[in-house]
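These notes are about the structure you will find just below.
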Amino acid sequence: MKKKLIAMLLAATMIFSLAGCGDKSNNDDNNGGSSTPTESTPAPDSNGGQDESTPAPADEVEKPSEITILVDGTVFTEPNAQDKFIAKLEELIGIKINVIQPDHDAYYDNVGQIIAGGDWPDVMILSSTYYSGYAAEGVLWDMTEAWENSELKQRQEAYDGAGVVEGVKIDGHLYGMPAARGNGCVTYVKQAWIDQYNNGKVPTNYAEYSEMCANFVANGKYAVSAAGFIGSEAPYVNYLPEFYQDGYPSFYQKDDGTWVDGFTEDSMKEALQRLADAYAAGWIDPTTLTNGTKDCRNKFYSDDFGVFTYWAGTWATNLKTNLENNGLDSELVALPPIAEVGAYLDRIPPVWCISSTCKNPEGVFKYFIEAMQDGGDVQFLWTYGVEGVHWSTAAETLYEGTETEKVYQEGEFHGLDNLENPGTQYTKAHIDPALALVDLANDPADESRAAENLASSTLFAQNSKLAVLVPTTDAMSQYNGDLTTLKNGLIAKVVMGEMTIDEAYAQYEAEHGAEWSQMIVDSLNNR
Amino acid sequence: MKNSKKTKPVKSHKPLGVRINRYKGFYIMFLPVFVFAIIFCYLPMLGIRYAFTNYNGIKEPTFVAFANFKRMFEMPGFWSAFTNTLQISIIKLILTTFIAVVVSIFLNEIFNLHFKKVVQTIIYLPHFLSWVVTASLFSLILAPTAQGLVNSFLVSIGAVQPDKMIYFLGSSKWWRGAYYIINIWKETGWQTVIFMATLAGLNTELYEAASIDGAGRWGKMYYITLPALKNTILTVLILNLAKVMNLFESAFVLQNDAVLDTANVLETYIYYQSFNSGAIPNYGYTTAVGLFKSLVGCVLVLICNHLSKKVREGRGIV
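Just so you know, the sequences run in chain order U and X.
Just add 574 to the spot in the first sequence (first one is 1) and you have our numbering.
Just add 243 to the spot in the second sequence (first one is 1) and you have our numbering.
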C-alpha cells in the first residue's frame, strides 16, 4: 500500500511538472496577443479591420484597444518595474499593452520561434539583419505611406532625425521605425598620454596617428586595443576605424546604386596592410584576437593602452568614471575622425516593426509607434521611465553614507537607484536622450548630462554617416555564413603575420570565397 | 520454483486488462515518463523533415529532396568541421582517459589518506568551473604578454624572445595543443573517480601476495593494478566514443577567427551558419548538417555497442 501511495505521489508530481510546462506556454500564448482580440478574434471596435493596402486618413484611423508587443531587454524588464512602466504607458496612450519579453540574450532565438509558430505579435523590435530578412519575406507591414503622411515625420525632420529613418528604408519602403539613432563609436585618447608621450599633439591624419601610436609604444605600452580585428556585426570596422579607413570587408552599395563586396577591393587590401604593420609594430594589443569588449575596457581602466574606439555618449562618462576610480587621470580626448576616415559609422538602429498580420496597422502606427516620439509625455516615459520608480525630482540623498553619496535638491532631476542592480542609477529607459530623433520638450538631460557625454555625442553626431542597410537575399542566406567565416579567418591571419595578403586572397579564391561573393553580389544587384 | 509457478499463469492466461489492473501502480508511474519521452524526445524528431526542405522559419518549407546534403558535401567548411570534430574529440578522449588512469594509479599509491583526499579535491575542482570561466582564465594564463604566466615563464628560461611570445589560443599551430591541455586540466580529476572506484574494490590480498613474491611497486602496478583497470578503461573509452560528435561549448568559447580552420567543429559550424550569415538562415541546411552529425553519432554508438559486447562478455551499451 505504501509503495502504491509513493508511486501515485511520484506520478502526480511528474504530471504537475508537465502541467507546469503547459501552463507556461499557455501564458506565453496569452501574452502572444496575436491570438487575443488583436488577431484571431478581431473585434471590430478594437482593431478596425480596415483594408490594409490603403491606409486611412490620419483623422479616420481607429485606435486599437489592445496590442501585443515583442520586445528585448532594452525595454524595462520585470525586475525593473516593467509593470509600472506599462501601466503608465497604457494610461497615456489609452491602449492595453501585452508584453512578450524573452531573455535579452536569447531574444532573436525567440523571435525566430514566434515567427515560425505563426502567432505573430502586432509589434516587434528587430535588429537590421532580422528587419531586412523579415521585410523581404513579407512579415512586416509597409509603413512608408503612414510615415510620409504623419506628424512624426515633421517632428523628425525638425530635429534632423528623418535621415535616420530614410536610412532604414529598403528599396524605398519603410518597414520599421527607429526610436533613436543607432549610435556608433568614436576614438578616445587619454589626454595624459598625449601630453606625456606625444607633445600634446592630437592627430588629424593617419601619419600623425601612426606617429602617436609609435610614441606610445616607444614608452613601453601598446597603443590600441579592440575586441577582435573585425566586429561581429555591421558595420564590422567600427572598433579600428583608423586602420580600416575606406576599406570595408563586406557588402555595400556604391554611389551609382550597384552592390559590391568591399573585401575584394584594393582599399581593403591596403587596410589589411595597415593592420598587419600596426600589429607587427606592437601598436595593437597582442591579445586583440581573444579579447572581449569587457577585457578591453578593463585594460583601458588599468592604463594598459591609451587609444580606445568605443561608443559615443554615455560610455564617455563610464570610461572617465572608471579611470577616476582607478586613480588615473580621467581626461579623454574624443578624437574627430582623422582625415582618411572622414566620418565615423552610425550603425543601423533597431527598429519597431508592425507585423503584416496586425489587423489595424494604421492604428498601431499612429497611436503606438508615432506616440513613442511625440516630443512630450509619452516620449518622456520611453526616455526616462516612471516618476518615483525610475526618476525623481524630489529632494533626497542617494547612497547615503557611502563613497558615492549623492544629494539632490527639490526640483533637481535625477535617476533613482536601479532596482535590479542596486548601487547604480537609472540614466535612461528605452530611448537614449542623446540619440533621440525628435526633440523632447523640457528634457532634463540638457542640464544633467555630463560634459564628456555631451561632447562625444555631439562630436559623433557631427562626424558620422549612417551605415548601409544590406537587404537579405537567398544567396546571402545560403553562402554568407561560410563566406564570413572565411573572410574573418583570413583577416586575422594576415594581421597576425601568419600569411601575406597575396596568399590570403589566393586562398580566398581557392576556397570558393570569390565565387560565393559574386553570387551574393549578383543577387543583391538583381533583386 | 514458487516464483515461476506464480508468474506463469499470469503471463499466459490472465487478460491484459487484469494484468494492467494488477500492476496499475507501475503503469501510472510509467505513464508520465512515457508522455514526457514522446513529447520531448520523439515529437521533436519530426523536425528532421526540414533537412529535405529550404526553410527560413517564415514561409512554408519547400521540398528540395537531398539538395541541402549535396550542398553540405560540397562545402569545404563542412568537411573541415567534420574532420576537426572527429580528430579533436578522439584525441581528447584518448588523452584525458590516459592521463586519468595515470593519475588514478598515482593517487592509489598515496598512503596518507588525508593528503590523498586533499589532492583528489584539488583535481576535481576544475570540473565544476563553467567553460566560459575556464576560457577567460586560460586566455590570461596563455596571453602573449608579460601578464601571461606561461609566456613569462618561457621568456624567463630563455625559451622564447620577449618580442616573439607565443599566442597559444590565437595560432592554428598551437591551438589544439592548448585545447587538449585545458581539457586535461579541467576533466582529468573528474574522470579519475570511476578508476578510483575500481581500484578501491581491488582485493588488497593480491598486493600482499605480490609483495611476498618479491614484487616491487612497479611490479604490483604492472601486474595487478593495470589489469584490474583494463575493463574499466575500455568501458570508459567505448562509452565516450559514442559521444564524440557532441562537441560545442569547450570549442566555442576557446576558438576565434584565426583558428577556425583547426578549431571549428560541426556544432559550431551549425552555429555560425545560423548566426553569422547576416541574413535569416536556411534552417533546412543546418538541420541537414545536424542530421548528418546524428547519423554518424548513431553509427558510432552501434560500433561501440558491438565492441562493448565483445569486451564486456555480451553486455552492450544499448
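By construction, the Cβ of each residue, glycine as well, lies at the ideal position given by its N, Cα and C atoms.
What are the boundary residues of the alpha helix (DSSP H) that residue i is part of?
i, result
"Met-315(X)", "310-317"
"Asn-789(U)", "780-792"
"Leu-1098(U)", "1087-1099"
"Val-685(U)", "681-691"
"Asp-851(U)", "840-854"
"Asp-951(U)", "951-958"
"Leu-289(X)", "Careful: Leu-289(X) lies outside any alpha helix (DSSP H) and carries neither H nor E."
"Trp-374(X)", "374-384"
"Cys-870(U)", "867-875"
"Asp-769(U)", "765-771"
Tell me the residue span of the beta strand (DSSP E) that contains residue i.
i, result
"Thr-883(U)", "881-885"
"Gln-827(U)", "825-827"
"Met-698(U)", "697-700"
"Leu-644(U)", "640-644"
"Cys-927(U)", "925-928"
"Leu-909(U)", "906-909"
"Trp-428(X)", "No beta strand (DSSP E) contains Trp-428(X), which is instead part of the alpha helix (DSSP H) from 415-443."
List, in order along the chain, the chain U residues whose C-beta lies closer than 8 Å to that of residue i?
i, result
"Asn-299(X)", "Gly-707, Glu-711 and Ser-1051"
"Asn-483(X)", "Within 8 Å Cβ-Cβ: nothing; Asn-483(X) doesn't reach chain U, min ~29 Å."
Rounding to the nearest angstrom, what Cα-Cα distance links residue i and residue j in this structure?
i, j, result
"Met-1093(U)", "Phe-825(U)", "12 Å"
"Glu-914(U)", "Glu-816(U)", "8 Å"
"Leu-714(U)", "Phe-954(U)", "27 Å"
"Tyr-875(U)", "Trp-885(U)", "15 Å"
"Ala-800(U)", "Asp-948(U)", "38 Å"
"Glu-722(U)", "Gly-540(X)", "56 Å"
"Leu-336(X)", "Thr-505(X)", "17 Å"
"Ile-476(X)", "Ala-494(X)", "25 Å"
"Ala-1084(U)", "Trp-1090(U)", "11 Å"
"Leu-902(U)", "Glu-986(U)", "30 Å"
"Val-1068(U)", "Ile-1075(U)", "6 Å"
"Phe-349(X)", "Gly-391(X)", "30 Å"
"Ala-501(X)", "Gly-959(U)", "44 Å"
"Tyr-528(X)", "Ala-386(X)", "37 Å"
"Thr-888(U)", "Ala-310(X)", "49 Å"
"His-964(U)", "Lys-670(U)", "21 Å"
"Ala-845(U)", "Leu-893(U)", "28 Å"
"His-370(X)", "Ala-1010(U)", "48 Å"
"Thr-971(U)", "Gln-983(U)", "9 Å"
"Phe-659(U)", "Pro-695(U)", "19 Å"
Closer than 7 Å by beta-carbon distance: list the chain U residues that pair up with residue i, in chain order.
i, result
"Gln-516(X)", "Gly-1055"
"Asn-525(X)", "Ser-1051 and Gln-1052"
"Thr-388(X)", "Pro-860 and Thr-861"
Sort out for me which residues DSSP pairs residue i with in a bridge.
i, result
"Ser-1038(U)", "Tyr-918(U)"
"Thr-971(U)", "Val-981(U)"
"Asp-991(U)", "Gln-999(U)"
"Ile-671(U)", "Ile-641(U)"
"Cys-759(U)", "Trp-885(U)"
"Ile-744(U)", "His-747(U)"
"Leu-714(U)", "Ser-929(U)"
"Trp-965(U)", "Glu-961(U) and Gly-989(U)"
"Phe-306(X)", "Thr-296(X)"
"Asp-835(U)", "Phe-825(U)"
"Pro-1045(U)", "Pro-1045(U) is not bridged to any residue."
"Pro-752(U)", "Val-925(U)"
"Ala-1010(U)", "Ala-754(U)"
Looking at residue i: is its Cβ nearer than 8 Å to the Cβ of residue j?
i, j, result
"Ile-331(X)", "Leu-490(X)", "yes"
"Leu-543(X)", "Val-487(X)", "yes"
"Gln-1081(U)", "Leu-1064(U)", "yes"
"Ile-643(U)", "Met-698(U)", "yes"
"Tyr-762(U)", "Phe-882(U)", "yes"
"Val-938(U)", "Met-946(U)", "no"
"Met-1070(U)", "Gly-413(X)", "yes"
"Leu-906(U)", "Lys-764(U)", "yes"
Using the beta-carbon of each residue, which ones in chain U are nearer than 9 Å to residue i?
i, result
"Met-315(X)", "Near Met-315(X) there are no residues of chain U at all, since even the closest Cβ is about 11 Å away, more than 9 Å."
"Lys-302(X)", "Glu-711 and Gly-712"
So which residues on chain X does residue i lean against when the C-beta distance must stay under 9 Å?
i, result
"Leu-863(U)", "Tyr-410, Leu-412, Gly-413, Asn-499, Asp-500, Ala-501 and Val-502"
Check the Cβ of residue i against every Cβ in chain X and list those closer than 7 Å, keeping chain order.
i, result
"Asn-1062(U)", "Asp-500"
Is any heavy atom of the ligand MN found at a distance shorter than 7 Å from the C-beta of residue i?
i, result
"Val-496(X)", "What this structure holds is no ligand at all, so the ligand MN is not there to describe."
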